[in-house]
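Enquirer: Please find one structure pasted underneath; my questions will follow.
In structure tokens form, the structure reads like this:
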């Protein structure tokens, strides 16, 4: 399925505030991500990256402000949103198979108490095929490498046919080769399906290479623009407290 | 199989099988969600409910069910608020409720025999009336576990993703704690408060050792629980052992057997590759 790219932005955040008790996480965040773009959210630990993603996914509600996804309020969207976490931690030895894990991505479309059909299982196979993991469908998830586990989590996110994929530091703990392979695969999927990607990341090099929009967050939006604008900005140096680096990045084309 | 010709033994076997199936199904989620300690806590807290029931002249099993559910919800509520860790909350309520139970029962020497029965179980004393109530409690637990199996699985594997997918995670968490409290109370007659928590872990541990999928884990877990009840009651009959202890010992033996089988399987795999 290819996502239709309408004129309205995929993600719109307007003056959003959120605090964990006395600790402020987001202060008046406003931003837009056009449909079909790969937007990376960067910032140091505690900058509010994961909080922003949790608000968009409807896991938390903002204390002030408004978030919409394809024009619908976050948490009440009719389109499924694909979510790829850093990883999942199962109890040692728990025999969850790759196929069973990916099938969970179909649950929102099934409804409470309904059993998956043969069609749902076929969709699982298609999603695993797309990420190159179909041969491992019966393997235990815990027996896979970190890179393979992330591919399976991408398949779980894709199997619900989302137009927005939210990735929360998906390459944390992967080696450089696995990170490069992961981003290459995600970008291929983005182009093939017209997906909008919103990815929280610490990997500035990867972001420079693959994202079209970079959002520098440190409780507020400190900078937003193309990778070259943000990664060579004074704001980056101030937020991370280091001199601006010269990252190699081919200029990205705009959203397809 | 002479022991099966007695009415009390037939009732014990029927009750044990139904409760074994209930515990084994729930145990899959106890293992997945690392809830073994909450099982210990709720089973010991149930003693407070039994004692309250006996003291107030209310039937002890329903009293323990209501008390256990209340404790489970309070533990869930405190844990969600995040001010006290789950372990600490369980530790506080488990010891307080059990202390309440022991204190109330010690006030009346007539209840001392009851106390031993609830602590260590006596499935052979299950009468026709008890059987109906236990079957009802088991059905109340197994029904939602079967209907919402995939939702409980998703919740246990990745709670954040389940929330993002729009599942009512708060409600499902409460439901699971409630099922746990009801199952524990129903199982008190089978293996007793002290041993019920073992029955909430060991069958699933056996299942996960042998299976390569969640479906396989459920089937092995159910099979080992039913076999434990049958062989445990038989051993109890043969050697005049307490039924609860015999059932748990057989269950543990099956786990060690499964562990040995898996180790052998892995050695073969290692040699073959």
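Chains as they are written, first to last, in my numbering: chain A, 15 to 270; chain B, 845 to 1117. Yeah, the Cβ is synthetic: ideal placement off N, Cα and C, and Gly gets one too.
Are there three or more Cβ pairs, one per stretch, closer than 8 Å when the region 994-1008 of chain B is compared with the region 889-908 of chain B?
Expert: With a cut-off of 8 Å, the region 889-908 of chain B and the region 994-1008 of chain B do not count as touching, because too few Cβ pairs lie within range.
Enquirer: Would you kindly report the start and end of the unbroken beta strand (DSSP E) that includes residue 52/A?
Expert: Position 38 of the first chain, counted from the first residue, corresponds to residue 52/A. That run of the beta strand (DSSP E) goes 52-56.
Enquirer: Pull out every residue of the region 1035-1047 of chain B whose Cβ sits closer than 7 Å to any Cβ of chain A, in chain order.
Expert: The region 1035-1047 of chain B vs chain A, Cβ under 7 Å: nothing.
Enquirer: Return the CA-CA distance between residue 17/A and residue 210/A, expressed in angstroms with no decimal places.
Expert: Stepping through the first chain from its first residue, residue 17/A is reached at position 3. Stepping through the first chain from its first residue, residue 210/A is reached at position 196. Roughly 9 Å separates the two Cα atoms.
Enquirer: Would residue 36/A count as contacting chain B if we go by Cβ distances under 9 Å?
Expert: Numbered from 1 along the first chain, position 22 holds the residue referred to as residue 36/A. Answer no: the Cβ-Cβ gap between residue 36/A and chain B never drops below 9 Å.
Enquirer: Does the separation of the CB atoms of residue 212/A and residue 179/A fall below 9 Å?
Expert: Within the first chain, residue 212/A is the residue found at index 198, counting from 1. Within the first chain, residue 179/A is the residue found at index 165, counting from 1. In this structure, residue 179/A lies closer than 9 Å to residue 212/A by Cβ.
Enquirer: Would residue 69/A and residue 55/A be called neighbours here (beta carbons separated by less than 9 Å)?
Expert: As a first step, residue 69/A must be located in the first chain, where it is residue number 55. As a first step, residue 55/A must be located in the first chain, where it is residue number 41. Cβ atoms of residue 69/A and residue 55/A: not closer than 9 Å.
Enquirer: Who are the near neighbours of residue 270/A in its chain, counting only those whose CB is closer than 8 Å to its CB and skipping five residues on each side?
Expert: Stepping through the first chain from its first residue, residue 270/A is reached at position 256. With a pLDDT of only 39 at residue 270/A, under the threshold of 50, the placement of this residue in the model should not be trusted, and no figure is reported.
Enquirer: Taking C-beta pairs closer than 7 Å, name the residues in chain B that residue 232/A reaches, listed in chain order.
Expert: Along the first chain, one-based indexing puts residue 232/A at 218. Under the 7 Å cutoff, chain B gives no residues; its nearest Cβ is about 23 Å from residue 232/A.
Enquirer: I'd like to know whether the C-beta of residue 1092/B is nearer than 9 Å to at least one C-beta of chain A.
Expert: The residue you call residue 1092/B lines up with position 248 of the second chain. Residue 1092/B does not count as touching chain A.
Enquirer: Start and end of the alpha helix (DSSP H) containing residue 210/A?
Expert: In the first chain, residue 210/A corresponds to position 196, counting from 1. Note, residue 210/A: premise wrong, no alpha helix (DSSP H); beta strand (DSSP E) at 210-214.
Enquirer: Return the Cβ separation of residue 899/B and residue 963/B in integer angstroms, given the expectation that the two are a contact with Cβ distance under 8 Å.
Expert: Working through the second chain from its first residue, we reach residue 899/B at position 55. Working through the second chain from its first residue, we reach residue 963/B at position 119. In fact, because the Cβ distance is near 17 Å, the residues do not count as touching under 8 Å.
Enquirer: As a quick exercise: from 107/A, 82/A, 138/A, 254/A, pick the residue whose alpha carbon is nearest that of residue 30/A.
Expert: Translated into positions along the first chain, residue 30/A becomes position 16. Checking every option, the nearest Cα to that of residue 30/A belongs to 82/A.
Enquirer: Nearest to residue 191/A by CA position, among 159/A, 97/A, 247/A, is which residue?
Expert: Within the first chain, residue 191/A is the residue found at index 177, counting from 1. Closest option to residue 191/A, Cα to Cα, is 159/A.
Enquirer: Roughly how far, in whole angstroms, is the beta-carbon of residue 235/A from the beta-carbon of residue 44/A, given that I think they are within contact range, below 8 Å?
Expert: Counted from its first residue, the first chain places residue 235/A at position 221. Counted from its first residue, the first chain places residue 44/A at position 30. Right, the Cβ-Cβ distance comes to about 7 Å (below 8 Å), so this counts as a contact.
Enquirer: Buried or exposed, going by whether 16 or more other CB atoms sit within 10 Å of the CB of residue 140/A?
Expert: Counting from one through the first chain, the residue named residue 140/A turns up at place 126. With fewer than 16 Cβ atoms within 10 Å of its Cβ, residue 140/A is classed as exposed.
Enquirer: Among residues of its own chain, excluding the 5 on either side of residue 857/B, which ones have a beta-carbon nearer than 8 Å to its beta-carbon?
Expert: Taking the second chain and counting its residues from 1, the one referred to as residue 857/B is at position 13. Result list for residue 857/B: 848, 1073, 1074, 1077, in chain order.
Enquirer: Would you list, in sequence order, the uninterrupted alpha helix (DSSP H) runs of no fewer than 4 residues that lie entirely inside the region 941-1006 of chain B?
Expert: Here the runs fully enclosed are 956-964, 972-991, 993-1001.
Enquirer: Just grab the DSSP bridge partners of residue 28/A for me.
Expert: Taking the first residue of the first chain as position 1, residue 28/A is located at position 14. BP columns for residue 28/A point to 80/A.
Enquirer: Specify, as a first and last residue, the run of the beta strand (DSSP E) that residue 237/A falls within.
Expert: Here residue 237/A is taken as the residue at index 223 of the first chain, counted from 1. Unbroken beta strand (DSSP E) run through residue 237/A: 234-239.
Enquirer: Could one say the Cβ of residue 998/B lies closer than 9 Å to chain A's Cβ atoms, at least one of them?
Expert: By one-based count along the second chain, residue 998/B stands at place 154. By this cut-off, residue 998/B is an interface position.
Enquirer: For residue 1105/B, name the three-state secondary structure that DSSP assigns.
Expert: What you label residue 1105/B is simply residue 261 of the second chain in a count that begins at 1. The answer is helix: DSSP assigns residue 1105/B an H, G or I state.
Enquirer: If we define contact as Cβ-Cβ less than 9 Å, is residue 992/B a contact residue for chain A?
Expert: If you number the second chain from 1, residue 992/B lands on position 148. Yes - at least one Cβ of chain A is within 9 Å of the one on residue 992/B.
Enquirer: So the candidates are 127/A, 122/A, 111/A, 162/A; which of them puts its Cα closest to the Cα of residue 1008/B?
Expert: Numbered from 1 along the second chain, position 164 holds the residue referred to as residue 1008/B. Of the candidates 127/A, 122/A, 111/A, 162/A, the one whose C-alpha sits nearest the C-alpha of residue 1008/B is 122/A.
Enquirer: What first and last residue would you give for the alpha helix (DSSP H) that runs through residue 193/A?
Expert: Within the first chain, the letter at position 179 stands for residue 193/A. Here the alpha helix (DSSP H) through residue 193/A covers 190-207.
Enquirer: Give the range of the beta strand (DSSP E) segment to which residue 100/A is assigned.
Expert: What you label residue 100/A is simply residue 86 of the first chain in a count that begins at 1. Where residue 100/A is concerned, there is no enclosing beta strand (DSSP E), given that its DSSP letter is neither H nor E.
Enquirer: Can you tell me where the alpha helix (DSSP H) with residue 883/B in it begins and where it stops?
Expert: Within the second chain, numbered from 1, the residue matching residue 883/B stands at position 39. It spans 880-900 - the alpha helix (DSSP H) in which residue 883/B sits, taken as one unbroken run.
Enquirer: Please confirm if the region 1019-1026 of chain B is in contact with the region 903-915 of chain B, defined as three or more CB-CB distances below 8 Å between the two stretches.
Expert: Touching, yes, given that three or more Cβ pairs across the two stretches are closer than 8 Å.
Enquirer: Does DSSP put residue 44/A in a helix, in a strand, or in coil?
Expert: Your numbering for residue 44/A matches position 30 in the first chain. Three-state DSSP puts residue 44/A in a strand.
Enquirer: For a contact meaning CB atoms closer than 8 Å, what does residue 95/A contact in chain E?
Expert: Annotation note: the requested chain E is absent from the structure, which comprises protein chains A and B.
Enquirer: Which residues in chain A sit within 9 Å of residue 878/B, going by Cβ to Cβ distance?
Expert: Working through the second chain from its first residue, we reach residue 878/B at position 34. Within chain A, the residues near residue 878/B are 105.
Enquirer: Residues of chain A with CB closer than 8 Å to the CB of residue 1002/B, please, in chain order.
Expert: Along the second chain, one-based indexing puts residue 1002/B at 158. By Cβ distance, chain A contributes 99, 102, 118.
Enquirer: Between residue 1052/B and chain A, is the shortest Cβ-Cβ distance under 9 Å, so that the two count as touching?
Expert: Taking the first residue of the second chain as position 1, residue 1052/B is located at position 208. So, interface residue.
Enquirer: Near residue 266/A, what residues of its chain come up, given a Cβ to Cβ distance below 6 Å and the 5 sequence neighbours on each side ignored?
Expert: Residue numbering aside, residue 266/A sits at position 252 when the first chain is read from its first letter. Reliability of the predicted coordinates at residue 266/A is poor, the pLDDT of 49 falling under 50, and the value obtained from them is presented with this limitation in mind. Excluding positions up to five away in sequence, the list reads 226.
Enquirer: Only counting the same chain, and skipping five residues up and downstream in sequence, which positions put a Cβ closer than 6 Å to that of residue 876/B?
Expert: Counting from 1 along the second chain, the entry for residue 876/B is found at position 32. The answer, listed in chain order, is 1000.
Enquirer: Taking only the alpha-carbon atoms, compute the straight-line gap between residue 48/A and residue 24/A and give it to the nearest angstrom.
Expert: Numbered from 1 along the first chain, position 34 holds the residue referred to as residue 48/A. Numbered from 1 along the first chain, position 10 holds the residue referred to as residue 24/A. Near 5 Å, if we compare the C-alpha coordinates of residue 24/A and residue 48/A.
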